[in-house]
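Working notes, structure below.
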Amino acid sequence: MSAMAAPTTLDVSHTPSVPFGRLVQVEARKLADTRAGRWLLIAIAALTVVVLGIQLAVVVANDVSVTYLDFLLGANTPMGILLPVLGIMSVTSEWSQRTAMVTFTLEPSRLRVIAAKFVCVMILSVVALVVGLVIGAFANVLYGAMSGDTVVWGNVGTIAVDYLLVWVLGMATGFAFGMVFLNSPAGIVLFFVYSFVLPAPFEIGAHLLGWFHDIRPWIDFNNAQGPLLDATIHGNEWAQLVTSGLIWLVLPFLIGLARIQRAEVK
Amino acid sequence: MIKVKGLTRAYGSFIAVDDISFECRPGTVTGFLGPNGAGKTTTMRVMVGLTPATHGDVTIGGLHYRDIPNPGRHVGVLLDASAQHAGRTGREVLEIGARTMGLPGVRVDEMLDLVSLDGREAKRRVRNYSLGMRQRLGIAHALLGDPSVLILDEPANGLDPAGIRWMRGLLKGYADQGGTVFLSSHLLHEVEQIADEMILIGNGRIVARGTRDELLRDATGGVFTTLVTALDNHQLAEALTERGLVVHQAGEGLRVTAEPVDVGRIAADKQIVLTDLRAGHEGGLEDLFLELTAETQRDVLPNDMSADEVRA
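Chain order of the listed sequences is A and B. Using our numbering, the first residue of the first sequence is number 1, and each one after it goes up by one. Using our numbering, the first residue of the second sequence is number 267, and each one after it goes up by one.
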């Protein structure tokens, strides 16, 4: 049919590959361009406000003296649960909605796509920190005004760094779980098992078995993050955060990466 | 442009695609035909790197798909029109594609126009799209980056007859401008009018290939038949038999073992008025298709059922 003799090779000299920054922008857009994604983001911020509002009402009514750190601990209740869910879904929605087929045909390097997604959720952890710090500060100032007590800020720098770490680690762990299971319900359920169910047998085991009591701090990632929440982490506790993080964050992350590299995208 | 060499894809002991080789040339439409489960989609997924090949490989314009920078600008892909986020709007789906490829936003409007999705439809979420609308959106997405190669899996699926005609014209025009089109279908009639070359696949193996005419020649063993009707069929039958042609009654007219041009010439010589004259082997290709792919057919066809009945 064709009259012209078209070349049989592709001239790719004028097409640079998709810049990484553009991939990050696109992935960020994909986090918020559906109702589900947008409402999850809004819900995280709204729930934080609600939780701190209740906390404020309770401490004022009962005349309890609290500090800025207590409000951030309160903020961690919605953040600590929902940020990992966001991390999980940023990966798994590509599979449950089957958009991975399109994503990976537009950028065949799966590693680059995953890296872009990871950068997005890391940026979101920083945003979450800013939101948490601001809402917490509001609550603390209101607390001072309502109770008449002195407002205690503590070491805000240390608090900020420690909570950033908590939320970055939570988000990253969720992300890793998402990559391992490539399925939203499985990823979310098993993440909750890991964060809410597993601590009980760990606690009992440490109580009953002397040897387990000794190794537990080194393998229990939830437990190891406790000192971060108290903003008191020091010395050995850093090492325990690293060793337990190797098991619950780094290992699943690597398994997940390998899985995505090999997975057949359907 | 697309070169498939000794491609095999096995899943354990099941061989989905079994050592197939073919090429698609620029300026042509290549149809990939086979029943469900014949290995069409697997082949296409290997082409774009979503499924690794067990043996062999595929290059597009001399490159492996993964080595094509910003591949959306060179190769338009539609593998499954339903594989879109149900919660995104049609426009947003194209917007994301355009951004990834680094295209201006106006390209999205152009593509929506091209596939006739209006502004209101583009604002609806994909979950509320009919299969035909998803297919149009998928074609728009494949064409976004103005690629020179198109790989489309069952693009006519879900389109209404007008939509199928529209797509035929679109792809034909695209090939006439030098583009390479590779499309699959499990329906012969969708492909035979548009494909310059057809590749028939069954059970993961290529069972026949060639242009429509080449395949037909194979299907009929080189024997042509013609369906003809005249004002006076009796006179025509005599004239044809006189020339040594085999004539049978067929419905209102006659079936003749000859090419239409010969029948027409004889009628002209004898000044017999014809009311209908056409090639009578239309069913041949369908018969061939069903026969060649019989082993992978899910439905067992009664032996005496003709292709016309199957089609109906």
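Backbone N, C-alpha and C fix where the C-beta goes; we use that ideal spot for every residue, glycine too.
Worksheet item: Which chain A residues are close to glycine 338 of chain B, counting only those with a beta carbon under 7 Å from its beta carbon?
Response: Counting only Cβ-Cβ distances below 7 Å, glycine 338 of chain B has contacts in chain A at Leu106, in chain order.
Worksheet item: Any beta-carbon of chain B closer than 9 Å to the one on arginine 112 of chain A?
Response: No, arginine 112 of chain A lies away from the interface with chain B (no Cβ there is under 9 Å from its Cβ).
Practice prompt. Would you check if there are 3 or more beta carbon pairs closer than 8 Å linking the segment 18-25 of chain A to the segment 110-119 of chain A?
Written response: yes
Discussion item. Assuming glutamine 25 of chain A is part of the beta strand (DSSP E), what are its boundary residues?
Written reply: Here glutamine 25 of chain A belongs to no beta strand (DSSP E); instead the alpha helix (DSSP H) covers 20-32.
Fill in: Rounded straight-line distance, which links the Cα of glycine 235 of chain A to that of leucine 133 of chain A
26 Å
Fill in: Residue from B:Asp384, B:Arg391 and B:Ile417 with nearest C-alpha to aspartate 33 of chain A
Comparing Cα-Cα distances from aspartate 33 of chain A to each of B:Asp384, B:Arg391 and B:Ile417, the minimum goes to B:Arg391.
Worksheet item: Using a Cβ-Cβ cut-off of 6 Å (strictly less than) and excluding sequence neighbours within five positions of proline 526 of chain B, which residues of its own chain qualify?
Response: Here the set comprises Thr492, Leu543 and Ala545.
Worksheet item: Which residues, in order along the segment 361-380 of chain B, keep a beta-carbon less than 9 Å from a beta-carbon of chain A?
Response: Glu361, Ile362, Gly363, Arg365, Thr366, Met367 and Gly368
Discussion item. Phenylalanine 288 of chain B and threonine 294 of chain B - do their beta-carbons sit closer together than 9 Å?
Written reply: No.
Worksheet entry | CB contact check: leucine 551 of chain B to chain A, cutoff 9 Å | no
Worksheet item: Among the residues of its own chain, which have a CB less than 8 Å from the CB of arginine 357 of chain B, if the five just before and after it don't count?
Response: Val374, Leu378, Ala388 and Lys389
Worksheet item: Mind pulling the chain B residues with CB within less than 9 Å of leucine 10 of chain A?
Response: Met267, Ile326, Gly327, Gly328, Leu329, Ile334, His340, Val341, Ser414 and Val415
Worksheet item: Hey, would you say proline 84 of chain A sits closer than 9 Å to glycine 174 of chain A, going by beta carbons?
Response: yes
Worksheet item: Hey, is the segment 496-505 of chain B in contact with the segment 461-470 of chain B, meaning 3+ C-beta pairs nearer than 8 Å?
Response: no
Item to complete: Determine, using beta carbons only, whether asparagine 222 of chain A and threonine 92 of chain A come nearer to each other than 9 Å.
Response: Not a contact, by the Cβ cut-off of 9 Å.
Practice prompt. Identify the continuous beta strand (DSSP E) that holds glycine 476 of chain B and give its terminal residues.
Written response: 471-476
Worksheet item: Is it buried or exposed for valine 270 of chain B, if we count other Cβ within 10 angstroms and need 16 for buried?
Response: buried
Practice prompt. Run the CB neighbour count on tryptophan 153 of chain A, radius 10 Å, all protein chains shown included, and call it buried at 16 or more, exposed below.
Written response: exposed
Discussion item. Quick check: what's the CA-CA separation for alanine 304 of chain B versus arginine 521 of chain B?
Written reply: 35 Å
Practice prompt. Please list the partners that methionine 179 of chain A has in chain B, where partner means a Cβ-to-Cβ separation under 7 Å.
Written response: In chain order: nothing, as chain B lies at least about 17 Å away.
Practice prompt. Using 10 angstroms around the beta-carbon of glycine 210 of chain A, count the other beta-carbons present and answer buried if the total reaches 16, otherwise exposed.
Written response: With fewer than 16 Cβ atoms within 10 Å of its Cβ, glycine 210 of chain A is classed as exposed.
Item to complete: Write down the C-beta distance between valine 166 of chain A and glutamine 225 of chain A rounded to the nearest angstrom, noting that I regard them as a contact closer than 8 Å.
Response: 6 Å
Practice prompt. Kindly indicate which residue of B:Asp484, B:Ile532 and B:Val415 has the alpha-carbon position closest to the one of threonine 507 of chain B.
Written response: Nearest to threonine 507 of chain B by alpha-carbon distance, out of B:Asp484, B:Ile532 and B:Val415, is B:Ile532.
Item to complete: Please report the residue range of the alpha helix (DSSP H) in which leucine 212 of chain A lies.
Response: The question names leucine, but residue 212 of chain A is phenylalanine in the sequence shown. Counting along the chain, the alpha helix (DSSP H) containing phenylalanine 212 of chain A begins and ends at 210-219.
Worksheet item: Using CA coordinates, which residue listed in A:Leu82, A:Ser17 and A:Val113 is at the minimum distance from tryptophan 39 of chain A?
Response: A:Leu82
Worksheet item: Taking the alpha helix (DSSP H) that alanine 100 of chain A falls in, what are its first and last residues?
Response: Following the DSSP letters along the chain, one finds alanine 100 of chain A inside the alpha helix (DSSP H) bounded by residues 100-106.
Practice prompt. Could you list which residues in chain A have their beta carbon closer than 8 Å to that of glutamine 350 of chain B, in chain order?
Written response: The answer, in chain order, is Gln97, Arg98, Thr99 and Val102.
Worksheet item: Mind listing which residues of the segment 17-28 of chain A have their C-beta closer than 9 Å to chain B's C-betas, in chain order?
Response: Ser17, Val18, Pro19, Arg22, Leu23, Gln25 and Val26
Fill in: Cross-chain neighbours of arginine 354 of chain B in chain A, by beta carbon under 9 Å
Lys30, Asp33, Thr34, Gln97 and Thr99
Item to complete: Assign glutamine 537 of chain B to buried or exposed, taking buried as 16 or more other Cβ atoms, counted over all protein chains shown, within 10 Å of its Cβ.
Response: exposed
Worksheet item: Just how far apart, CA to CA, sit valine 141 of chain A and leucine 72 of chain A?
Response: Between valine 141 of chain A and leucine 72 of chain A, the C-alpha separation is close to 13 Å.
Item to complete: Select from the segment 449-466 of chain B all residues with a C-beta closer than 8 Å to any C-beta belonging to chain A, and list them in chain order.
Response: Asp462
Practice prompt. Using a Cβ cut-off of 8 Å, pull out every chain A residue sitting near glycine 315 of chain B, in sequence order please.
Written response: Phe104, Thr105 and Pro108
Worksheet item: Can you tell me the Cα-Cα spacing of serine 17 of chain A and proline 108 of chain A, whole angstroms?
Response: 10 Å
Worksheet item: For alanine 496 of chain B, which three-state DSSP category applies?
Response: If DSSP states are grouped into helix, strand and coil, alanine 496 of chain B belongs with the strands.
Worksheet entry | Closer than 7 Å at the beta carbon, the chain A residues around leucine 345 of chain B | Chain A residues near leucine 345 of chain B: Met101.
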